[in-house]
Amino acid sequence: MAAKVTPDMVAAFARDGTVLVKGLWSDWVDVIRAGIERNMSEPGPYAAENLKPGEGGRFFDDYCNWTRIPEFREVIMGSDAAGTAARLMQSETVQLFHDHVLVKEPGTSKPTPWHQDGPYYFVEGRQTVSFWSPVDPVREASLRCVAGSHLWEKEVLPTRWLSEETFYPDPDAYMPVPDPDAEGMRVLEWEMEPGDAVAFDFRTLHGARGNTTTARRRAFSLRLVGDDARYAERPGPTSPPFPGHGMKPGERLRADWFPFLRGGETG
Numbered sequence: 001m002a003a004k005v006t007p008d009m010v011a012a013f014a015r016d017g018t019v020l021v022k023g024l025w026s027d028w029v030d031v032i033r034a035g036i037e038r039n040m041s042e043p044g045p046y047a048a049e050n051l052k053p054g055e056g057g058r059f060f061d062d063y064c065n066w067t068r069i070p071e072f073r074e075v076i077m078g079s080d081a082a083g084t085a086a087r088l089m090q091s092e093t094v095q096l097f098h099d100h101v102l103v104k105e106p107g108t109s110k111p112t113p114w115h116q117d118g119p120y121y122f123v124e125g126r127q128t129v130s131f132w133s134p135v136d137p138v139r140e141a142s143l144r145c146v147a148g149s150h151l152w153e154k155e156v157l158p159t160r161w162l163s164e165e166t167f168y169p170d171p172d173a174y175m176p177v178p179d180p181d182a183e184g185m186r187v188l189e190w191e192m193e194p195g196d197a198v199a200f201d202f203r204t205l206h207g208a209r210g211n212t213t214t215a216r217r218r219a220f221s222l223r224l225v226g227d228d229a230r231y232a233e234r235p236g237p238t239s240p241p242f243p244g245h246g247m248k249p250g251e252r253l254r255a256d257w258f259p260f261l262r263g264g265e266t267g
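Mapping of the sequence shown onto the working numbering: position 70 corresponds to residue 70, and the numbering continues sequentially without gaps.
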C-alpha cells in the first residue's frame, strides 16, 4: 500500500506544484540516517561543500548514490514512495531519476538559493516529483516552495550554488531568479517531523532557510518521473550529468539506468 494520498492532496499538487506528505518514510528514518552517515563518510564523485571561506557551519550535498549506498537502495525499493508518486503525478508508471542528500550542520546560516530543478535536468515532462524528507525535526531550517511556479511559461535561470555563475551560456533564454519574499509570492513551508516529505514538481521554484539552530538538519531527496517524462538536450552539461547515457531527444529514460519502481501502478 502507498502512503495515503487524498484527492485534496492530488489537487493541491496539481495547483501549487507542492504538497506535504506526512509520514512518507516514518518507518525508514533510521535506515535513511544510516545511509546519510555512510554517504558523508564515503562521498561520491559529485559530493560538494557549498560554503565560501569564512561562512560558518557546513552545507554538504551529494547525489546519485543509490547504487552504492545499500540503505538508500533499500528505502527506494522497499518503501511506499513510488505508489505515492504515482498518485500525485497521476501516472501509470514511476521511474527512478536519482537520489540527493543535503545536510546543514548547526550554525549554517547560508540559505539554499531559490531555483527550479527542471532546468538543471535533461528531463522534460509534466509528470515529475521530488520528495524532500528530513530525518531531524524541522522548524526553522525548512524547505520553501513558491505556489504555482511550476506553471510559469518561462523557466528560471539555473546558477551554480557556490560561484553563483549562470549554468548555461544563454541567460536570456530563462527568466531571472526572482526574490519571492520581496515580490509578494505565495510561499509554502511546513514544520516537519522525521520521515515527513515535501513533494514538489521539478519545475517548482524552491529554496531552504539556513540552519541557525544547535541541531543538525539532514535531508534525503528522491527524484522520480512518470509517463510523459522524456530525455531533452540542454545547452550545456546537466546536473546530474550521467555521462555516456546514449539517449536521444524524445526518448523515455533508459530503464537499465533509471529503473521502473514497483508500486507505480495507479489502478
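Backbone N, C-alpha and C define an ideal beta-carbon position, used for all residues, glycine too. Note that this is a predicted model, so its numbers are computed, not measured.
Taking DSSP's pairing of strands, which residues face VAL146 in a bridge? Within the sequence shown, residue 146 is the residue found at index 146, counting from 1. DSSP, once it has assigned bridges, lists VAL187 as partnering VAL146.
Taking its Cβ as the centre, do 16 or more other Cβ atoms sit within 10 Å of GLY17, making it buried, or is it exposed? Taking the sequence shown and counting its residues from 1, one reaches residue 17 at position 17. With a threshold of 16 other beta carbon atoms within 10 Å, GLY17 meets it and is buried.
Here's the rule I'm using: 16 or more other beta-carbon atoms within 10 Å means buried, otherwise exposed. How should SER91 be labelled? If you number the sequence shown from 1, residue 91 lands on position 91. That one is buried.
Tell me which same chain residues have a C-beta within less than 7 Å of the C-beta of THR238, skipping the five on either side of it? Residue mapping note: residue 238 aligns to position 238 of the sequence shown, counting from 1. Answer for THR238: TYR120, TYR121 and PHE122, listed in chain order.
ARG15 to PRO134, Cα distance in whole Å? Numbered from 1 along the sequence shown, position 15 holds the residue referred to as residue 15. Numbered from 1 along the sequence shown, position 134 holds the residue referred to as residue 134. Distance between the alpha carbons of ARG15 and PRO134 is about 24 Å.
Between the alpha carbons of LYS248 and ARG58, how many angstroms are there, rounded? Here residue 248 refers to the residue found at position 248 of the sequence shown. Here residue 58 refers to the residue found at position 58 of the sequence shown. C-alpha separation (whole angstroms): 38 Å.
Which runs of the beta strand (DSSP E) spanning at least 3 residues fall entirely within the region 68-126, listed in chain order? 95-104 and 112-115
Only counting the same chain, and skipping five residues up and downstream in sequence, which positions put a Cβ closer than 8 Å to that of THR159? For the purposes of this step, residue 159 is taken as residue 159 along the sequence shown, with counting starting at 1. For THR159, where only same-chain residues beyond five positions count, the Cβ hits under 8 Å are PRO113, HIS115, GLU165, THR166, PHE167 and VAL177.
Contacts around ILE76, its chain only, beta-carbon distance under 6 Å, and the 5 residues preceding and following it disregarded: Reading the sequence shown from its first residue, position 76 is the one you call residue 76. For ILE76, where only same-chain residues beyond five positions count, the Cβ hits under 6 Å are TRP66.
Return helix, strand or coil for SER41, following the three-state DSSP convention. Taking the sequence shown and counting its residues from 1, one reaches residue 41 at position 41. SER41: helix per DSSP, three-state reduction.
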